[in-house]
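Visitor: Take this structure, written in C-alpha cells, and hold onto it; I'll ask about it next.
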Amino acid sequence: MPIPPIQVVDLHKYFGTLEVLKGIDFQVNHSEVVCVIGPSGSGKSTLLRCINRLEEPTAGKIYIEGEDFTDPDADVDALRTKIGMVFQRFNLFPHLTVLANLTIAQRRVLKRSSEEAQDVAVKMLERVGLTEKVDEFPIRLSGGQQQRVAIARALCMNPDLMLFDEPTSALDPELVGEVLDVMRKLAEEGMTMMVVTHEMGFARQVGDRVTFIDGGVVVEENTPEEILMNPQQERTRKFLEAVQHY
Amino acid sequence: MSKRQKSRLIRIAIYIVTVIFLALVGRAIDWPVLREALFNWEIAKEQFPRVITMAARNTLIFTAIGFTGSLVLGLVLALMRLSSIRPYRWFASIYIETFRGLPALLTIFLIGLGVPVATGLRIPGVYTAGSLALAIVYGAYMAETIRAGIEAVPRGQMEAARSLGMTYGTAMRTIIIPQAFRIVIPPMTNEFIALLKDTSLISVLGVTDLTRELTRFGRDGVIHLFNATPLVVAGLVYLAMTVPMTRGVAQLEKRAARAR
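This is how it looks when you write it as C-alpha cells:
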C-alpha cells in the first residue's frame with residue numbers, strides 16, 4: 001500500500017469546553033480530490049486547519065506522507081512547505097506586488113535565488129493565467145484574480161498536496177468559475193487535493209470522493225454520484241435537500 | 001420673534017461684546033513696549049545663526065537619538081507583550097505601565113542623577129543621559145502603538161505566511177511588521193513630535209554651553225538680555241519643525257480614511 005498524503009486518525013479538537021471534532025478518521029490518497037461538505041459549524045474547516053496545524057489538535061494523529069505531524073518534535077515549518085493552503089479570504093500580502101507575494105517564501109524558506117524564485121513565480125502565474133498582473137499590487141485585482149494568485153503562491157512551494165478552505169465562498173458569483181477552472185486543471189494534472197466547499201457542481205464533476213461532516217463526525221463518505229444522488233444517511237439527505245433547494 | 005431671528009440677534013450681540021472687549025484690551029496694552037519686550041528685531045537677528053546651528057541642531061540630535069532608541073525599545077517591548085512566554089509579557093506590561101505612569105521629568109532625573117548617585121556610574125557622552133531617558137519613556141508609548149499596529153494586521157496574514165512554511169520570526173519580520181508600521185505612521189509621528197518637544201526637559205540635567213537645545217537657549221537669552229525675544233524666536237523654530245509634521249499627519253490620516 002502506498003503511503004497516503006493525508007491520514008487523520010481519531011482526531012479530537014476542543015475550543016475551550018466545546019468539542020468541535022469528535023474523533024475523525026479521514027484519508028486522502030495520492031492524486032485524489034476529496035471534497036468535504038457539511039453545514040456551517042460542522043467542523044469541516046477546523047479539520048482542514050488542523051491538518052495544516054493552524055489549529056492545534058487536542059487529541060489524535062495526523063500523518064502527512066507518513067510523517068507524524070502531531071509529534072511534538074515534528075518540524076512543523078518543513079512539513080507545512082509540503083502542504084499548499086488556499087484560504088477563503090485569499091490572504092495575499094497587501095504590501096507586496098504579485099511577484100513578491102510569489103517569491104518571498106521561496107526565498108526565505110526554500111532559500112532559492114532571486115532569479116530562480118522569479119522563474120518559478122512566472123511559471124505558476126502562467127498556470128493560473130495571470131502573467132500580465134505580475135507587477136500589480138493585490139488590491140488592484142478582482143477577488144477571482146486574487147484567489148488565483150493565492151493558488152499560484154501556494155504552488156510556488158512545490159507542495160505535494162493542496163488544502164482549499166472554501167476558496168470561492170468570498171467571491172462574487174460571476175468570479176467563482178475562473179477559480180474553479182484553475183482548481184479543475186490542477187486536479188487533472190494529478191494534484192492531491194482536499195477541498196472544503198459548498199460548490200456541489202464542482203464536487204460532482206471534479207471530486208473523486210465526497211465526505212459529509214456534521215456535528216464533528218464523518219457522517220458519510222462515498223463517490224460524488226452516490227453521495228449526491230443516493231445518500232444513505234438521513235442527515236446527509238437533509239443537508240443536500242437544503243443546499244439544493246432552489 | 002421667530003427662533004431664527006432670535007438666534008441671529010444673539011450672534012450679533014456676541015460679536016459686539018467681543019469687539020468691545022478686544023478694543024478695551026488693545027487700548028490698555030502699551031504696544032511699543034510689548035513689541036520691544038517680545039520681539040525686538042535687533043535681538044531676534046542676533047539669535048541667528050546660533051539658534052539654528054547650535055540650539056535647533058542639539059534639539060534634533062536629542063530627538064534623533066531618543067526616537068531611534070525608543071523605536072528599538074518599543075519594538076522589542078511590543079513583541080514581548082505579544083509573546084506566548086508569560087514572563088516576557090509580565091516584564092513588558094510592568095515596564096510600559098511604569099514609564100507611562102511616571103512624569104518624563106522624573107525619569108530624566110532618575111537616569112541623569114539617580115543612576116550616577118546610586119551606582120557611582122557616570123553615563124558617558126554629553127547627549128547620552130538625556131536621550132537615554134527620553135528613549136526609555138517614549139519606548140513605553142511606542143510599544144503600545146506598535147502592539148496596536150501589529151494587532152491591527154488581519155490574522156489571516158500570519159496564517160498565510162506560516163502555511164507557506166515561514167517561521168514565526170520570519171513571518172513577523174517580512175509580513176506582519178512592515179504592514180503594522182504603515183498602520184502606525186500617523187500615531188508614531190505624533191509621538192515623534194511629543195518627543196521633540198520633550199527634549200526641552202533635558203536641560204534640567206545641567207547641559208554644557210554647547211549642548212543647549214532650543215528651550216534652554218531661549219531661556220538663557222531671556223536671562224542675559226532681560227528681553228523675551230530669544231524665547232519667541234526659539235518658539236518659532238519649534239513651530240517651523242512641528243507644524244509641517246502635524247499637517248503631514250493630518251494629510252496621511254485623511255488619505256487613510258479615504259482608502260477605507
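Here the protein sequences line up with chains A and B, keeping their order.
Going by the working numbering, 141 is the number at position 141 of the first sequence; the sequence numbering is gapless.
Going by the working numbering, 80 is the number at position 80 of the second sequence; the sequence numbering is gapless.
For glycine and all other residues, C-beta sits at the position ideal for the given N, C-alpha and C.
If the criterion is Cβ atoms closer than 8 Å, does the pair T145/B and P178/B meet it?
Guide: no
Visitor: For A256/B and chain A, any beta-carbon pair shorter than 8 Å?
Guide: no
Visitor: Does the stretch 195-206 of chain A come into contact with the stretch 157-173 of chain A, if we say contact requires no fewer than three beta-carbon pairs (one atom in each stretch) closer than 8 Å?
Guide: yes
Visitor: So is K133/A buried or exposed if we call it buried at 16+ other beta carbons inside 10 Å?
Guide: Residue environment for K133/A: buried (at least 16 other C-beta atoms within 10 angstroms of its C-beta).
Visitor: What's the gap between the Cα of K123/A and the Cα of G23/A?
Guide: A straight-line Cα-Cα distance of about 41 Å links K123/A and G23/A.
Visitor: Since G149/B and I96/B should fall inside the 8 Å C-beta cutoff, what is the C-beta to C-beta distance between them, to a whole number of angstroms?
Guide: With 8 Å as the limit, G149/B and I96/B do not qualify as a contact, their Cβ atoms being about 15 Å apart.
Visitor: I150/B CB to nearest chain A CB: under 8 Å?
Guide: no
Visitor: Quick one: which chain B residues come within Cβ less than 8 Å of L54/A?
Guide: E159, R162 and S163
Visitor: Pull up the DSSP beta-bridge partners for I24/A, would you.
Guide: L11/A
Visitor: So M182/B contacts chain A; which residues on that side make the cut at Cβ distance below 8 Å?
Guide: According to the sequence displayed, residue 182/B carries Arg and not Met. Those are H95, listed as they occur along chain A.
Visitor: Output the boundary residues of the beta strand (DSSP E) element that contains A59/A.
Guide: A59 to I64
Visitor: Mind listing the chain B neighbours of V219/A? Cutoff is C-beta to C-beta under 7 Å, in chain order.
Guide: Going along chain B, no residue has its Cβ under 7 Å from V219/A, so there is no contact; the nearest lies around 28 Å.
Visitor: Just to confirm, are P5/A and I51/A a CB contact at a threshold of 8 Å?
Guide: no
Visitor: Candidates I61/B, V72/B, S70/B and F21/B: which alpha carbon is nearest S200/B's?
Guide: I61/B
Visitor: Nearest-angstrom Cα distance between L249/A and V51/B?
Guide: No answer is possible for residue 249/A: the residues shown for chain A start at 1 and end at 246.
Visitor: Looking at chain A, is there any beta carbon in it that lies within less than 8 Å of the beta carbon of T145/B?
Guide: no
Visitor: Taking CB distances under 8 Å as the criterion, tell me whether T68/B reaches chain A.
Guide: no
Visitor: Output yes if chain B places a C-beta closer than 8 Å to the C-beta of R148/A; else output no.
Guide: So no, R148/A is outside the interface.
Visitor: Does the CB of F164/A have a neighbour CB from chain B at under 8 Å?
Guide: no
Visitor: Under the rule that 16 or more other beta-carbon atoms within 10 Å means buried, what is M183/A, buried or exposed?
Guide: buried
Visitor: Run through the stretch 68-123 of chain B for me and flag every whole alpha helix (DSSP H) of 4 or more residues, listed as ranges in chain order.
Guide: 86-101, 104-109 and 115-119
Visitor: Using a Cβ-Cβ cut-off of less than 9 Å, give me the residues of the stretch 202-217 of chain A that come near chain B, in sequence order.
Guide: none
Visitor: What residue range is occupied by the uninterrupted beta strand (DSSP E) comprising G84/A?
Guide: I83 to V86
Visitor: Could you check whether the stretch 106-117 of chain A touches the stretch 151-158 of chain A, counting it as contact only if at least three pairs of C-beta atoms, one from each stretch, sit closer than 8 Å?
Guide: yes
Visitor: Less than 8 Å between the beta carbons of L228/A and M200/A, yes or no?
Guide: The answer is yes: Cβ separation under 8 Å.
Visitor: Could you work out which residue in T242/B, L79/B, R258/B and K254/B is closest to I176/B when comparing CA atoms only?
Guide: L79/B
Visitor: Please report how far the alpha carbon of K238/A lies from the alpha carbon of M85/A, in whole angstroms.
Guide: 30 Å
Visitor: For the stretch 132-145 of chain B against the stretch 71-88 of chain B, are there 3 or more C-beta pairs whose distance is under 8 Å?
Guide: yes
Visitor: Between the stretch 93-108 of chain B and the stretch 160-167 of chain B, can you find at least three pairs of beta-carbon atoms closer than 8 Å?
Guide: no
Visitor: Report all residues from its chain with a CB closer than 7 Å to the CB of A131/B; omit the five preceding and five following residues, and keep chain order.
Guide: The displayed chain sequence assigns Ser, not Ala, to residue 131/B. Excluding sequence neighbours, S131/B sits near F62, I65, G66 and G69.
Visitor: Find the nearest neighbour of N222/A within the set L21/A, V28/A and L11/A, judged by alpha-carbon distance.
Guide: V28/A
Visitor: Buried or exposed: where does G26/B fall if 16 or more other Cβ atoms within 10 Å of its Cβ makes it buried?
Guide: exposed
Visitor: Just checking, does the stretch 191-200 of chain B make contact with the stretch 69-84 of chain A on the three C-beta pairs under 8 Å criterion?
Guide: no
Visitor: Return yes when the Cβ of A135/B is within less than 8 Å of the Cβ of A180/B, no when it is not.
Guide: Not in contact: A180/B and A135/B (Cβ atoms no closer than 8 Å).
Visitor: Kindly provide the ranges of any beta strand (DSSP E) runs that are 3 or more residues long and lie completely inside the stretch 171-223 of chain A, ordered along the chain.
Guide: Taking only runs of at least 3 residues, the beta strand (DSSP E) segments lying wholly in the stretch 171-223 of chain A are 192-196, 209-214 and 217-222.
Visitor: With which residues is L239/B paired in a DSSP beta bridge?
Guide: For L239/B, which the question treats as bridged, DSSP gives no partner whatsoever.
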